[in-house]
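When you line the sequence shown up against UniProt numbering, it's residues 1 to 90, in that order. Below is one structure, written out as structure tokens; comments come after it.
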Amino acid sequence: MNTITNFLASSIVAGWIVTMAVFAIQNVKPVSLKFLQFQSINLPAGILLSFCLGGGFFLGSLIPVFLRKSKRPPRGRFSPRDTEFDEFDF
1 MNTITNFLAS
11 SIVAGWIVTM
21 AVFAIQNVKP
31 VSLKFLQFQS
41 INLPAGILLS
51 FCLGGGFFLG
61 SLIPVFLRKS
71 KRPPRGRFSP
81 RDTEFDEFDF
């Protein structure tokens, strides 16, 4: 089962890379990206797309790291030492 999953993920990434390569070859006219008042330098559309795709792959690989569940058991709302009262607590 793990082999099929790895093959499927590799196929999807390879498909994106091939599609991006074909798109980059067909679009060599320089474009600039505008966002609010900022404007990027003139780059070919394929190069700009490759940077965006690479950044997306990088951020997508970081998401599972931050969403991973902790190996420690979840702590209750009150720890055992918080439920014990001293004579100075009143």
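Just so it is clear, CB atoms sit at the ideal spot from N, CA and C, and this is done for glycine as well. Fair warning: this is a prediction, and the values are worked out from it, not measured in the lab.
Nearest in C-alpha terms to F58, of all of V13, T3 and F7, is V13.
Excluding residues up to 5 positions away in sequence, S32 lie with their Cβ nearer than 6 Å to the Cβ of Q39 in the same chain. Looking at the backbone, the Cα of I17 and that of G54 are separated by about 10 Å.
Boundaries for L33: no alpha helix (DSSP H) harbours it, and the DSSP string shows neither H nor E there. Residue state for Q37 is assigned as coil, using DSSP reduced to three classes. Less than 7 Å separates the beta-carbon of P44 from that of V28. The secondary-structure analysis by DSSP pairs L43 across a beta bridge with V31.
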